[in-house]
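*Asks:* This is the structure I have questions about; it appears just below.
In the numbering used here, the protein residues as written are -9 to 103.
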């Protein structure tokens, strides 16, 4: 396969037409590279900050009770509430007796004066 002079000239003409566009693309790449690299540094910094925050949150979450423990605690608190209500009802007669005794003692103290 042999190229003649006309074909070579046609190839050179196409290269000469593309050369300014290639130069523009190279210039744009050289212009945009520092901008993109600065953004990537910012992104890297933000990513490191997020990794630190996520690590802190994961550490805090490890100390929290799981679902089964929370359910068990809810059941225990409910049982305690019921027991306090029962005790409150049992204490009412004792409080009434105490009030009556106090009234009797006050009446005796007034009568003795």
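Cβ atoms here follow ideal geometry from the backbone N, Cα and C, with glycine treated the same way.
1. Under three-state DSSP, which class holds residue 32?
2. I need the DSSP call for residue 53, collapsed to helix, strand or coil.
3. Roughly how many whole angstroms lie between the Cα atoms of residue 83 and residue 49?
4. Have a look at residue 71 and residue 96 and give me their C-alpha separation to the nearest angstrom.
*Replies:* According to the data block:
1. Within the chain shown, the letter at position 42 stands for residue 32. Here DSSP, grouped into helix, strand and coil, assigns residue 32 to helix.
2. Against the chain shown, residue 53 aligns to sequence position 63. When secondary structure is reduced to three states using DSSP, residue 53 falls in the coil class, being assigned neither helix nor strand.
3. Walking along the chain shown from the start, residue 83 turns up at place 93. Walking along the chain shown from the start, residue 49 turns up at place 59. C-alpha separation (whole angstroms): 52 Å.
4. What you label residue 71 is simply residue 81 of the chain shown in a count that begins at 1. What you label residue 96 is simply residue 106 of the chain shown in a count that begins at 1. About 36 Å.
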